[in-house]
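First up is the structure itself, then whatever we jot down about it.
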Amino acid sequence: MTKTLKIAFQGEPGANSHIAISDAYPTAEAMPCATFEDALSAISSGEADLGMIPIENSVAGRVADIHHLLPQSGLFIVGEWFLPIRHQLVAVPGAKLEDIKTVESHVHALGQCRRIIRKFGLKPIVAGDTAGSARIIAERGDKSCAAISSRLAAQIYGLDILAEDIEDEAHNTTRFVVLAREPRWAAQGSGPLVTTFVFRVRNLPAALYKAMGGFATNGVNMTKLESYMVDGNFFATQFYADVDGHPEDRNLAFALDELKFFSREFRIVGVYPGHPFRATFTER
Numbered sequence: 206m207t208k209t210l211k212i213a214f215q216g217e218p219g220a221n222s223h224i225a226i227s228d229a230y231p232t233a234e235a236m237p238c239a240t241f242e243d244a245l246s247a248i249s250s251g252e253a254d255l256g257m258i259p260i261e262n263s264v265a266g267r268v269a270d271i272h273h274l275l276p277q278s279g280l281f282i283v284g285e286w287f288l289p290i291r292h293q294l295v296a297v298p299g300a301k302l303e304d305i306k307t308v309e310s311h312v313h314a315l316g317q318c319r320r321i322i323r324k325f326g327l328k329p330i331v332a333g334d335t336a337g338s339a340r341i342i343a344e345r346g347d348k349s350c351a352a353i354s355s356r357l358a359a360q361i362y363g364l365d366i367l368a369e370d371i372e373d374e375a376h377n378t379t380r381f382v383v384l385a386r387e388p389r390w391a392a393q394g395s396g397p398l399v400t401t402f403v404f405r406v407r408n409l410p411a412a413l414y415k416a417m418g419g420f421a422t423n424g425v426n427m428t429k430l431e432s433y434m435v436d437g438n439f440f441a442t443q444f445y446a447d448v449d450g451h452p453e454d455r456n457l458a459f460a461l462d463e464l465k466f467f468s469r470e471f472r473i474v475g476v477y478p479g480h481p482f483r484a485t486f487t488e489r
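When we follow the numbering used here, the leftmost residue of the sequence shown carries the number 206, and every step to the right adds one.
See the structure below:
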């Protein structure tokens, strides 16, 4: 008998992470977790086989917690998924748009739907997550309260959709990474690949500039470079980077060798297939 894949996510049933799991792994069991730490712990302990974790959004930017939690977790990226985010204004059955006084949701969802909030003069209330806000207003039963959530959350909690696809920006998309306990490098030459790594440069003048030079001279495309503080130390900066290619590709191997020379710490977090959504990226 084939074991059902169990995939952890942060949030409640109906969250966008839940939708990403359903889209990417239709036969898997989605495992809700209260926090990102809980989701990562579930993967590390073996309670979950994988994790579906949001890492950045085209409107809100990076998901701040993940960049410092991921390197510490010891987990590995084995895939990625891009999900267009479609927000719905939901309320208890029988409520009308003119009844609504307040709207609650995750802070990012509220920020991504400013126009409709302003248009109807609603009071925004920050909640823990989109699906949780849908559950809360369903339990409360107050026709003056609305939430911003997914269509799936509205279905799960028996809510009416008062306004559809209310996000301000049509390009609103979240990138998720799929995490596992063990590294599973994609095979070299198996298609467009992404290599993700973290590093800290040595405390030398122009060390970061010199470390980055190898990517330019070897023609490696770096699609992401993020910095964040380590252990609350203003002078200890760790970097998170995505590049195109496989570490055994000649040009990327040379670039990484140069990076390592100027770095005190370096670790590859994952080598995985690039999602087809990347092909839609265009320069403006």
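Just so it is clear, CB atoms sit at the ideal spot from N, CA and C, and this is done for glycine as well.
Please state if the CB of Asp447 and the CB of Thr401 are separated by a distance shorter than 7 Å.
Taking the sequence shown and counting its residues from 1, the one referred to as residue 401 is at position 196. Taking the sequence shown and counting its residues from 1, the one referred to as residue 447 is at position 242. In this structure, Thr401 lies near Asp447, with their beta-carbon atoms less than 7 Å apart.
Excluding five sequence neighbours on each side, which residues of the same chain lie with their C-beta closer than 8 Å to the C-beta of Ile322?
Working through the sequence shown from its first residue, we reach residue 322 at position 117. Excluding positions up to five away in sequence, the list reads Val308, Leu315 and Pro329.
Taking the CB atoms as reference points, tell me whether Ile271 and Ile260 lie closer together than 7 Å.
Residue numbering aside, residue 271 sits at position 66 when the sequence shown is read from its first letter. Residue numbering aside, residue 260 sits at position 55 when the sequence shown is read from its first letter. Their beta carbons are under 7 Å apart, which means Ile271 touches Ile260 by this criterion.
Give me the Cβ distance between Val297 and Ala343, rounded to the nearest whole Å; I'm assuming they're in contact under 8 Å.
Residue numbering aside, residue 297 sits at position 92 when the sequence shown is read from its first letter. Residue numbering aside, residue 343 sits at position 138 when the sequence shown is read from its first letter. About 6 Å separates the two Cβ atoms, so the contact holds.
Apart from the five residues on each side of it in sequence, which residues of its chain come closer than 8 Å, Cβ to Cβ, to Ala351?
Numbered from 1 along the sequence shown, position 146 holds the residue referred to as residue 351. Only Leu294, Val295, Ala296, Ala300, Ile305, Thr307, Val308, Glu309, Leu327, Ile342 and Leu367 meet the Cβ criterion.
Taking the straight line between their C-alpha atoms, what separation do you get for Ser355 and Tyr414?
As a working mapping, residue 355 is identified with position 150 in the sequence shown. As a working mapping, residue 414 is identified with position 209 in the sequence shown. Take the alpha-carbon of Ser355 and the one of Tyr414: they are about 43 Å apart.
Where does Thr379 land, buried or exposed, given buried means 16+ other C-beta within 10 angstroms?
Position 174 of the sequence shown, counted from the first residue, corresponds to residue 379. Answer is buried; the Cβ neighbour count reaches 16.
Residues near Met236 by beta carbon distance below 6 Å, same chain, minus five either side:
In the sequence shown, counting from the first residue as 1, residue 236 sits at position 31. Lys211, Ala213 and Ala253, listed in sequence order.
Status (buried if at least 16 other CB within 10 Å, exposed otherwise) for Val382:
Taking the first residue of the sequence shown as position 1, residue 382 is located at position 177. Counting Cβ neighbours within 10 Å, Val382 comes out buried, since at least 16 surround it.
Strictly by DSSP, which residues pair up with Arg472?
Here the question's residue 472 lines up with position 267 in the sequence shown. DSSP output for Arg472 lists Val403 as bridge partner(s).
Kindly list the residues whose CB is nearer than 8 Å to the CB of Leu398, restricted to its own chain and excluding five residues on each side of it in sequence; keep chain order.
Position 193 of the sequence shown holds residue 398. So the list reads Ala391, Asp449, Gly450, His451, Val476, Tyr477, Pro478 and Gly479, once near-sequence residues are dropped.
If I measure Cβ to Cβ from Ala460 and keep anything under 7 Å in the same chain, skipping five residues before and after, which residues do I get?
Looking up residue 460 in the sequence shown gives position 255. Excluding sequence positions up to five before and after Ala460, its CB lies within less than 7 Å of the CB of Gly419, Phe420, Asn423 and Val425, all in the same chain and listed in chain order.
Go through its chain and collect everything with a Cβ distance to Thr209's Cβ below 8 Å, but skip five positions before and after it.
Here the question's residue 209 lines up with position 4 in the sequence shown. Only Thr232, Ala233 and Glu234 meet the Cβ criterion.
With DSSP collapsed to three states, give me the class of Glu234.
Numbered from its first residue, the sequence shown carries residue 234 at position 29. Correct three-state label for Glu234: strand.
Ile371 (DSSP reduced to helix, strand or coil):
As a working note, residue 371 is residue 166 in the sequence shown. Ile371 falls in the coil class under three-state DSSP.
Decide if Phe486 is buried, meaning its Cβ has at least 16 other Cβ atoms within 10 Å, or exposed.
Start at 1 with the first residue of the sequence shown, and residue 486 comes out as number 281. With fewer than 16 other Cβ atoms within 10 Å, it is exposed.
In chain order, which continuous runs of the beta strand (DSSP E) of length 3 or greater are located wholly inside the region 281-316?
281-289, 293-296 and 307-310
Using C-beta distances below 8 Å, list every residue in its chain close to Ile226, excluding the 5 sequence neighbours before and after it, in chain order.
Locating residue 226 in the sequence shown gives position 21, counting from the first residue. Same-chain partners within the cutoff: Ile212, Phe214, Ala233, Ala235 and Met257.
If you drop the 5 nearest sequence neighbours on each side, which residues of the same chain put their C-beta closer than 8 Å to that of Pro276?
Working through the sequence shown from its first residue, we reach residue 276 at position 71. Correct list, in chain order: Val403, Gln443, Tyr445, Arg472 and Val474.
Burial state of Thr317 (16 or more Cβ within 10 Å):
Numbered from 1 along the sequence shown, position 112 holds the residue referred to as residue 317. For clarity, residue 317 is Gln in the given sequence; the question names Thr instead. Gln317 comes out buried.
Mind reading off the beta-carbon distance from Ala412 to Leu464? Whole number of angstroms is fine, and I expect it under 8 Å.
Translated into the one-based positions of the sequence shown, residue 412 becomes position 207. Translated into the one-based positions of the sequence shown, residue 464 becomes position 259. Not a contact, Cβ separation roughly 10 Å.
The beta strand (DSSP E) that contains Phe214, what's its start and end?
The sequence position of residue 214 within the sequence shown is 9, counting from 1. Looking at the DSSP string, the run of the beta strand (DSSP E) that includes Phe214 is Lys211 to Gln215.
First through last residue of the beta strand (DSSP E) which encompasses Gly346:
The residue given as residue 346 occupies position 141 in the sequence shown. Unbroken run through Gly346: none, as it is neither H nor E.
Using three-state DSSP, classify Gly219 as helix, strand or coil.
As a first step, residue 219 is located in the sequence shown; it is residue number 14 there, counting from the start. Three-state DSSP puts Gly219 in coil, outside helix and strand.
Is the separation between the beta-carbon of Arg320 and that of Asp373 shorter than 7 Å?
Against the sequence shown, residue 320 aligns to sequence position 115. Against the sequence shown, residue 373 aligns to sequence position 168. Contact flag set, yes.
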